[in-house]
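Participant: Following full-length UniProt numbering, the residues of the sequence shown are numbered contiguously, the last one being 1153. Ideal placement from N, C-alpha and C gives every residue a C-beta, glycine not left out. Please read through the structure below; I'll follow up with questions.
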Amino acid sequence: MTLETPVCPDCRRQHELRNCDVFKAKSPKERLDTAKRASLWTEPPKTDSLTSPPSGSLHHDLLVTAQVNILDNRTQPFRCRALLDTGASMNFITEKLANSLRLNQRKCSEQPIGTLNTLSTTSKRYITATITSVDGTYERTWIFLIIPTISTSIPDQPVNRSTIQIPRNLRLADPRFHRPAPIDVLLSAGPTLASLCVGQLDISQANGTDLRLQKTRFGWVIGGSPASQPPAHAFHASTTVLQVDLARFWEIDEGPTTAHTSEAERQCEEHFRNHVQRTHEGRYMVALPFNETTPSLGSSRAMVMKRLTSLCRRFQRDKRFEADYHAVIQEYLALGHMTKVTTGHCTDDGYFLPHHGVIKESSQTTKLRVVFDGSAPATTGVSLNDVLHTGPKLQDDLFFILLRFQSHQYVITGDVEKIRHLSTQHSDIRALSGPVSSHLLPQATGGRRGASISTSLQRDFYVDDVLTGVDTRVEARSLRTELTELLKLAGLNIRKWASNDRELLRGLPEKDINDKLLLGESQTFKTLGVVWNSFDDSILYSVKIDNADSRITKRTISSEMAKIYDPLGLLAPVIVRAKMLLQRLWMLKIDWDESLPADVHTEWSKYYAQLPLLNNVEFPRKRIINPAAEIELHGFCDASDRAYGACVYLRTITLDGHVCTRLLTAKSKVASLKSLTIPRLELSGALLLASLATTVLQALPSNIARTVYWTDSTVVLHWINTSPHTLKTFVANRVTEIQRKTHASDWRHIPTTDNPADLISRGQLPEDFLKTIIWQHGPEWLQQPEEYWPTWNPVPLNETPEQKRATCLSATPADHSILGRFFSWPKLIRIAARCLRWRQIRDRGKPLTMHELANAHSRLIKLLQAYFSDEIRALQTDRNSAVKGKLQRLNPFLDKDGMPFNQKHPIILPKSSVTALIIEHEHLLNLHTRTQATLYALRRSYWPIDGRSQVWSTLKKFIARRGFCVTIYSDNGTNFVGANNELRELRNLLQSDDHKAQVQSFLADRRIEWHFIPPNSPHFGGLWEAAVKSFKRHLRRVVGNELLTFENLNTLIIEIESMLNSRPLTPISSDPNDLLVLTPGHFLIGDSLTSFRERDFRDTPSNRLSCWQHIQKLKQHFWRRWHREYPNELHIRNKWSKGSHDIREGIIVPPMQ
């Protein structure tokens, strides 16, 4: 084995020689020479018997296999079969085994891979697995590529082990090496060679075998060339893709489809009109409709001679077959359907048709039929059928014919004798035909693909069979006579006549009447595949089972299902049961020849054993009782989670008022593998019923009075009465189709217990099917007047399932009018705070607190920042998302309340009138300072966009020295009780309501909160009480009992303040190289307040200063600019505004302040 597809030594294409069409088309001598050149031929021993074709003697080497254990995810051993391949470069494992192990599967790049027997596949995943020997002495871990299939069964055919002398004391790595079985694991050259041990035995024999036993770590393996198996008897078979055949089998239940004529079919019809002729005998002469766009045919003589040689070998083995075959050829020759070809005219030019015999024991006329194979490829790989146009389907669908067959009172059936050979070809095409048997060639190839000899006499013809009928005996006899005479004009003869009334066969020659009717045998025979008893005028079923114990697989189940031919669906409840079982096998991903699970095996065995009971089922052919006053069509549908179906009944009302209902047809489908809700499945069943009823109405005569559709799903009835545009796509498409094919008023509700379609949705075993009464005649009330039928009053649903939800979006724009009503920012804040308090209905008359003003401030800022709605939405979605525009350099973010905070991260303000009010307010607070000072004061809390051109204020003196304080702590007002008389007026002023209101308003406007400690509780003061204590200590020590003037006292207090602000805040270091200790003065002036103070030179002209003084002036200017401007600029990011930081473990990150 290699990992590449083999190259054909003949045509040099990618396939094996035995699959080469060019090689097959050659003569036996040419194929022998090709095999010898490719070293694929071994000269067989000479005997007196006829040698077989070389293709049967090609040897196949015995590939080396071994039984090994592979460990799953729980390290439990899993027995599998491995192929040891020294020609492979990679290990492989089947997808099925890899999934069973539950090991971690990793993705890999997809690469095409060729495997055994020309199978090709691709691998997208791989696993790492551990392989051990069966005895556990050898263990290795390797990487395996996962592929669907490694190879077909190895060996490809059983090996006779009795002819191989294997020592009994040796433990084989694969004791079942001689039995064909699939491969689970493939070990490449590396693992294979690494497993080899010292030890090899030659077990070759004189009969041509070349075998070796090799010792490995897995046990002894066997390889080489075993003795060739004798070839089986010759046969001819054509293969197709199994999936395509199975798909066609499922499509039987789809019903007739709408025909659409293609351009190729139109050309074929035009060709037929232009080339069809009538001979003087009345026979039709046609020309084959060649497709000019297809490749040329090539030569087929060598291929035909090969098939002829195989046929002759069968003649030697089966003399009865040879005699029957010769009789058929002689009949063709006598009828003039074939002529001999002289040796001089037998060349390689043209296309030669091979032929073979097909035996049909059940045939009443011709047991052996010679079939001409128009699909046989020539040397170019193209067959005759490939180069012919496929004409359109001109005859009615078989389902239509069988439906009408059940509606007639009197029916007649017949068969056109040898219709496939009763048309001729133009003389210019005769050279295309070739030898069929000993230099015979057919003069007619009608009936094969592309031959357009179908006639449109009536719609009741299907190829060479006719099923027709009328309502009276006179009309039936006249129809039979006229049909016979009309076909004789074209040289066609109808035979095998049969009828449900023997009187209609009077006057016919015995040779034209069905043999079973003449011999007095059972009057049951097949017509278009349907078993019909002409005596009882009933439709029967014939089911045969194989009682032999055979292995049950998905292939055998599919085969047995296909044997039950039920085009009318009369056995739908039984057939759908097998469909459910087969679908279950597909869901379990069971292979075609794999053994079934125990529960599925038991279920099928029970079902299969009851199939012969269907031989007892009998359906009357006549669905309409005469004389019929009125005919109604009633359809029923139902669905379950496993299947859905529909059935149609004909309800006949006679002139005397008698009512008769009979099943006409039914269809079933298994539910989709994709999980659907029950209402959706019920809707699919309703659509199936609508399509089936439409087909029935097209096939039957137009005397159907009315049509009624029944379903037990109220949801489906609501959907059908709903406009499709309001429903979701899946439901809307099906409702649209139902409304197009039916009328919504014709749909009615039926209880589930009375619904015969319920039998289809659930499925039945044959034994239960025979006990069912409702299936053949429908519910009992259907045979009664309409007033006894079920009624249903639709109740409007609060919410219809699968209905599109009408989404109504109401956009209420934010009311920003309050921002433009006032011309003062403090006033706007206070009004907003009053409005917010008014909503709480409490303390409406009290002064506003700091918290209320702060809350109002935040609300107004949020309302103002609605200008940045896109940026805020982006930040809410992804905090790390990049904000574009002018905000990109500011690196904005949202705090927990949804807005930025404090001086470090000022509030961003857009350009608006409210921003102008805030700037104006800062301008007034700072005594009309200039632009620069006002801008930096404003940026302590806000960051206006392009604010430099809008700022016009300065700071107050106290704010310039210390900044706004956030909270004021002091003693309680009662501490002033012991003040002297000079302070009484001040005390009275402080305690007045008017003064308190003004003070509280002043503090609230500046975000200052005044906390009073309890009376006589200085320990509540904490740090500031400690500062007061220090101040008093210095004051007592310095002043003592001296009397000071106001100026002296003020100077002393300032000096004490300087001392207190010069105390160290950090431990004093003993290292002289360390910097000065940090004091509060450093936060005020940049140095200790007790250090030598320099004169302020900031307002002195530079030309009046000395060098030292000038340096001091620059220092003072720098300090003023730095502590006022630089901290406010720290949050601006002028560069690197895009991208992100790749923060990983181990990276030092400074904490965010």
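On the three-state DSSP scale, how would you describe S195?
Facilitator: Taking the first residue of the sequence shown as position 1, residue 195 is located at position 195. If DSSP states are grouped into helix, strand and coil, S195 belongs with coil.
Participant: From the DSSP output, which residues share a beta bridge with C80?
Facilitator: Here the question's residue 80 lines up with position 80 in the sequence shown. DSSP, once it has assigned bridges, lists V68 as partnering C80.
Participant: Could you tell me the boundaries of the alpha helix (DSSP H) in which V304 lies?
Facilitator: For the purposes of this step, residue 304 is taken as the residue at position 304 of the sequence shown. In the DSSP assignment, V304 falls within the alpha helix (DSSP H) that extends over R301 to R317.
Participant: Could you compute how far the alpha carbon of L201 sits from the alpha carbon of V304?
Facilitator: The residue labelled residue 201 in the question sits at position 201 within the sequence shown. The residue labelled residue 304 in the question sits at position 304 within the sequence shown. Rounded to the nearest angstrom, the two C-alpha atoms are 47 Å apart.
Participant: Three or more C-beta pairs under 8 Å: does that hold for the stretch 527-542 against the stretch 574-587?
Facilitator: no
Participant: Is DSSP giving K728 helix, strand or coil here?
Facilitator: Counted from its first residue, the sequence shown places residue 728 at position 728. In the structure shown, K728 sits in coil (DSSP, three-state: anything other than H, G, I, E or B).
Participant: Can you give the Cα-Cα distance for A194 and L101, rounded to whole angstroms?
Facilitator: Start at 1 with the first residue of the sequence shown, and residue 194 comes out as number 194. Start at 1 with the first residue of the sequence shown, and residue 101 comes out as number 101. Spanning the two alpha carbons is a distance of roughly 24 Å.
Participant: Looking only at its chain, what residues have a beta carbon closer than 6 Å to the beta carbon of T445, apart from the 5 residues adjacent to it on each side?
Facilitator: For the purposes of this step, residue 445 is taken as the residue at position 445 of the sequence shown. Note that T445 scores 36 on pLDDT, short of 50, meaning its location in the model is unreliable; the coordinates nonetheless yield the value given after this. None.
Participant: Relative to the C-alpha of V574, which candidate in D768, D712 and D85 has its C-alpha closest?
Facilitator: Looking up residue 574 in the sequence shown gives position 574. Residue D768 holds the alpha-carbon nearest to the alpha-carbon of V574 among D768, D712 and D85.
Participant: Whose C-alpha, out of G778, S550 and P612, is nearest the C-alpha of T652?
Facilitator: Locating residue 652 in the sequence shown gives position 652, counting from the first residue. Cα-wise, what sits closest to T652 is G778.
Participant: Tell me which same chain residues have a C-beta within less than 6 Å of the C-beta of D324, skipping the five on either side of it?
Facilitator: As a first step, residue 324 is located in the sequence shown; it is residue number 324 there, counting from the start. The residues are L368.
Participant: Who are S225's beta bridge partners in DSSP?
Facilitator: For the purposes of this step, residue 225 is taken as the residue at position 225 of the sequence shown. For S225, which the question treats as bridged, DSSP gives the partners D210.
Participant: Starting from V679, trace the alpha helix (DSSP H) both ways and give me its first and last residue.
Facilitator: Numbered from 1 along the sequence shown, position 679 holds the residue referred to as residue 679. What sits at residue 679 in the sequence shown is Pro, not Val. Start and end: I678 to A699.
Participant: Please classify E802: does DSSP put it in a helix, a strand, or coil?
Facilitator: As a first step, residue 802 is located in the sequence shown; it is residue number 802 there, counting from the start. If DSSP states are grouped into helix, strand and coil, E802 belongs with coil.
Participant: Could you spell out where the beta strand (DSSP E) holding N547 opens and where it closes?
Facilitator: Residue 547 sits at position 547 when you count from the first residue of the sequence shown. Premise fails: N547 is in no beta strand (DSSP E) and is neither H nor E.
Participant: Assuming the contact rule is C-beta atoms closer than 8 Å, L97 and V221 should be a hit. Round their C-beta distance to whole Å, please.
Facilitator: Your numbering for residue 97 matches position 97 in the sequence shown. Your numbering for residue 221 matches position 221 in the sequence shown. With 8 Å as the limit, L97 and V221 do not qualify as a contact, their Cβ atoms being about 20 Å apart.
Participant: Would you give the residue range spanned by the alpha helix (DSSP H) that A608 belongs to?
Facilitator: The sequence position of residue 608 within the sequence shown is 608, counting from 1. According to the sequence as given, residue 608 is Tyr; it is not Ala. Start and end: A598 to A609.
Participant: Tell me K418's beta-bridge partners as DSSP assigns them.
Facilitator: To locate residue 418, count along the sequence shown from 1; it is residue 418. K418 pairs with nothing; no bridge assigned.
Participant: Would S912 pass as a contact of L860 if the rule is Cβ separation under 8 Å?
Facilitator: Taking the sequence shown and counting its residues from 1, one reaches residue 912 at position 912. Taking the sequence shown and counting its residues from 1, one reaches residue 860 at position 860. Taking 8 Å as the Cβ cut-off, S912 and L860 do not qualify as a contacting pair.
Participant: Based on DSSP bridge pairs, tell me the residues matched to E618.
Facilitator: Reading the sequence shown from its first residue, position 618 is the one you call residue 618. Answer by DSSP bridge pairing, in chain order: L540.
Participant: Grab me the residues of R1104's own chain with a C-beta within less than 6 Å of its C-beta, minus the 5 sequence neighbours each way, in chain order.
Facilitator: Here residue 1104 refers to the residue found at position 1104 when the sequence shown is read from its first residue. If we look at R1104 and ignore the five residues flanking it on each side, it has no Cβ neighbours.
Participant: I need the straight-line Cα distance from K360 to L504, nearest angstrom please.
Facilitator: Within the sequence shown, the letter at position 360 stands for residue 360. Within the sequence shown, the letter at position 504 stands for residue 504. In a straight line, the C-alpha of K360 is about 29 Å away from that of L504.
Participant: Using three-state DSSP, classify M285 as helix, strand or coil.
Facilitator: Walking along the sequence shown from the start, residue 285 turns up at place 285. DSSP places M285 in strand when its eight states are reduced to three.
Participant: Quick check: what's the CA-CA separation for H260 versus T390?
Facilitator: Here residue 260 corresponds to residue number 260 of the sequence shown, with the count starting at 1. Here residue 390 corresponds to residue number 390 of the sequence shown, with the count starting at 1. So the two alpha carbons sit approximately 14 Å from each other.
Participant: To the nearest angstrom, how far is the alpha carbon of E263 from that of E269?
Facilitator: Counted from its first residue, the sequence shown places residue 263 at position 263. Counted from its first residue, the sequence shown places residue 269 at position 269. Their Cα atoms are separated by approximately 10 Å.
Participant: Leaving out the 5 sequence neighbours to the left and right, which residues in its chain are closer than 7 Å to P191 when beta-carbon positions are compared?
Facilitator: If you number the sequence shown from 1, residue 191 lands on position 191. Correct list, in chain order: N91, R140 and W142.
Participant: Below 7 Å CB to CB, which residues in the same chain sit around D10 once its five sequence neighbours on both sides are set aside?
Facilitator: If you number the sequence shown from 1, residue 10 lands on position 10. The residues are L17, C20, V22, F23 and T34.
Participant: Quick one: what does DSSP say P785 is sitting in, helix, strand or coil?
Facilitator: Position 785 of the sequence shown holds residue 785. P785 falls in the coil class under three-state DSSP.
Participant: In the DSSP assignment, find the alpha helix (DSSP H) that holds E594 and state where it starts and stops.
Facilitator: Locating residue 594 in the sequence shown gives position 594, where the first residue counts as 1. Segment: none, E594 is in no alpha helix (DSSP H) and carries neither H nor E.
Participant: Take L700 and list the residues in its own chain whose beta-carbon comes closer than 7 Å to its own, dropping the five residues that flank it on each side.
Facilitator: For the purposes of this step, residue 700 is identified with residue 700 of the sequence shown, where counting begins at 1. The residues are L403, R404 and S407.
Participant: Using the beta-carbon count (16 or more within 10 Å), is M338 buried or exposed?
Facilitator: The residue labelled residue 338 in the question sits at position 338 within the sequence shown. Buried: at least 16 other Cβ atoms inside 10 Å.
Participant: If distances are taken between C-alpha atoms only, which option among R278, R301, N274 and Q267 comes closest to T293?
Facilitator: As a position in the sequence shown, residue 293 is number 293, starting the count at 1. The residue with the shortest Cα to Cα distance from T293 is Q267.
Participant: Measure how close the beta-carbons of D746 and Y709 come, nearest whole angstrom, since I'm counting them as under 8 Å.
Facilitator: Within the sequence shown, numbered from 1, the residue matching residue 746 stands at position 746. Within the sequence shown, numbered from 1, the residue matching residue 709 stands at position 709. Indeed they touch by this definition, with Cβ atoms about 5 Å apart.
Participant: Apart from the five residues just before and just after S761, which ones in its own chain have a Cβ nearer than 7 Å to its Cβ?
Facilitator: Counting from one through the sequence shown, the residue named residue 761 turns up at place 761. So the qualifying residues of the chain are D638, A639, S640, A643, Y644 and G645.
Participant: Grab the span of the beta strand (DSSP E) containing S668 for me, first residue to last.
Facilitator: Within the sequence shown, numbered from 1, the residue matching residue 668 stands at position 668. Segment V659 to V670, the beta strand (DSSP E) holding S668.
Participant: In chain order, what residues of the same chain lie with their CB nearer than 7 Å to the CB of R706, ignoring the 5 residues before and after it?
Facilitator: As a position in the sequence shown, residue 706 is number 706, starting the count at 1. The answer, listed in chain order, is E632.
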